[in-house]
Structures are given as C-alpha cells and as structure tokens.
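Residue numbers (UniProt numbering): 1 to 303.
Take a look at the structure below.
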C-alpha cells in the first residue's frame, strides 16, 4: 500500500478535472488532477535523486502554496517520511523540533525560519523543477509502516510528534458520510493552514480521495474575503475553526448560493454561533472533535 497512491487513485481517471485551486481576490492558481499527479510523481523522482532514501525524514518548511501538498505527497510516493510544520514557527522552535526528528533534509520556502543545524536544504524553487521529471512509481509496503509525522499544536504543553501509518488514510473514509457528507462533485473550501491536520486531511486528502475539488484561500487572504471567494469558485462545503465562522458573521457579505453546509473543528463550537450561522446562511454548521493522533473521533452529521 501507498497512502499517496490511494489519495490520487480516483483523480487518475479524471486528469482534466480541477483538483486544487488556490484562490485570492485577484487570481486563482488552478491544478488539474493530471497536473497534480504528474507533479507529485516527478517530485518523488527528484527527492530520490537528491540522495534521500525511503524511510528518511523530510522536514517541511513551506507556506500555504501548492508546493506544500506536492512535496508532502511526493515524499510519501517515494517512501520518504514528510514532516509538515507551521511556517510560523521561530528558528528556536524549529531547531528544537529538528533536534528531536533528526531529518535527512529540509525543504524550505523563502523567508521561513530554518533549524540552526547543519542540514541540507532544498529550496522551494528547486523543488518546483522536480515536477517535470519522469514519474516515480509509488513505493509499496506494509500498510503499517510510517507514512508521515505531524506535530500537535502544543496546547497541553510542548508540541509532540505523532506518527501516522499509510493505513491511516483508510480510517478517514468513515468521516465522508458521518461528518462531511462529502461527494465527488463537491468543492471543499478550507480556511486553515496546510500543516494543520484538519486542513491537510479535510481540506486536501479527503476531497482528492473521492475525486472532488479542494479550494484553499491564498496566503495573505483576509478571512472576511472568504465568502466572496467561496461564492466566486462555487464552494459547496466550508471548513474552518469556530473562530473563523465567528469572524465571518461579523462581516458583510452576500449569501453563498452553492454552499450546502459548514464544518467546524479545532475548538468548541458555541451553540449560539451555530444558530447565528444557520440564521445568516440557511445552512447548518456541523461540529467535530478530534486530535492529531486519531483525527476525528466524535462529530455531528448532515445525515
């Protein structure tokens, strides 16, 4: 089994369908499934050519750009273990994490803090060139082997590294009907950062597993602009932390005609906030509770 192959399998039969759109007020960067899959598999080839080997850890220091999921899935395709981290971490914070992880390499965007350690660094610009390389095969192995490492938010103390196996992607399917009511023709817009498991899973991996479309606000997009972008790009599901929905309700915007419902996680959803969202939009807001270790374990449901 290979997690990346599982995520991209449906899209492989739909090469011209929109897989990802990173949307901003002035422009949108659109990726078809054909382009996404070619870039992921080419990136896997490029990572292996740098000398990385299956099982090596790749520390990711990238922002909310397409390079993030391409590097993440490219590493997993090659059997390399990506470690997504927040671009907001300071040099001191990422140095501490790197000392614990002992990564073989860092992939980094401009201006993002790096660990104070003698590690090889792959620049985002060089990473982008890998997309044109011949496609690597999906590295196969036990579903129980390590696929990626993610860090907790540290809300209960220091952030902790959480290991996820390739088979973890299979368990997520329970949420498709049980929380999301996710369909192949949906357009899922998520307002969070890519390194957050809520965004990485709900916003990207899960829609792609079904062959649906992921919509992500571009870096620097104001939260108050999200309804406009959701309307413009036909979002059918809107996901984010309750704080996002709270800020949206304070702003002025036109109804999102395409919206079916919203998904909230990351903190407690106040019943009054849910009621206000229902009154404003005519759609429901479904809450879930989870953890980086196990993803969602309790949720409301559109069913």
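All C-beta atoms, glycine included, are put in the ideal place defined by N, C-alpha and C.
Collapsing the DSSP output to three states places residue 28 in a strand. Shown here for residue 294: not one same chain residue has a beta carbon closer than 8 Å to its own, the five before and five after excluded. Residue 202 and residue 280 have their C-alpha atoms some 24 Å from each other.
Checking the DSSP bridge columns, you'll see residue 284 partnered with 261. If you draw a straight line from the Cα of residue 116 to the Cα of residue 107, it is about 14 Å long. Check the Cα spacing between residue 290 and each of 61, 138, 172: the tightest is with 172. Taking C-alpha positions only, residue 138 is separated from residue 41 by approximately 8 Å. In the structure shown, the three-state DSSP call for residue 299 is strand. In this structure, residue 195 places its C-beta atom within 9 Å of the C-beta atom of residue 86. In this structure, residue 200 sits away from residue 182, with a CB-CB distance that is not shorter than 9 Å. When DSSP states are grouped into helix, strand and coil, residue 240 belongs to the strand group.
For residue 47, the closest of 92, 88, 121, 151 by C-alpha to C-alpha distance is 121.
Just measuring C-alpha positions, the residue of 57, 226, 188, 127 sitting nearest residue 261 is 188. The criterion of a C-beta distance shorter than 9 Å is not satisfied by residue 21 and residue 222. Within the region 165-206, the runs of beta strand (DSSP E) at least 3 residues long that lie entirely inside it are, in chain order, 187-190.
The residue among 53, 45, 89 with its C-alpha nearest the C-alpha of residue 81 is 53. For residue 221, there is no enclosing beta strand (DSSP E), as DSSP marks it with neither H nor E. In terms of CA proximity to residue 11, 36 leads the group 226, 127, 36.
Beta-bridge analysis with DSSP links residue 231 to no other residue.
Taking C-beta separations shorter than 6 Å and ignoring five residues to either side along the sequence, the partners of residue 234 in its chain run 187, 258, following chain order. If you ignore the 5 residues before and after residue 66, its C-beta comes within less than 7 Å of the C-beta of 20, 22, 29, 31, all in its own chain and listed in chain order. Sequence-distant Cβ neighbours of residue 287 in its own chain, meaning closer than 6 Å and more than five residues away, are 264, 269, 300. Ranked by Cα distance from residue 274, the first of 55, 256, 193, 248 is 248. As DSSP reads the structure, residue 146 sits in a beta bridge with 165. Under the 10 Å beta carbon count, residue 61 is surrounded by 16 or more other beta carbons and is classified as buried. Under a 10 Å Cβ-count criterion, residue 144 is classified as exposed, with fewer than 16 other Cβ atoms of the shown protein chains found around its own Cβ. For residue 61, there is no enclosing alpha helix (DSSP H); the residue is found in the beta strand (DSSP E) stretching over 57-61.
Of the candidates 125, 58, 105, the residue whose Cα lies closest to the Cα of residue 83 is 58.
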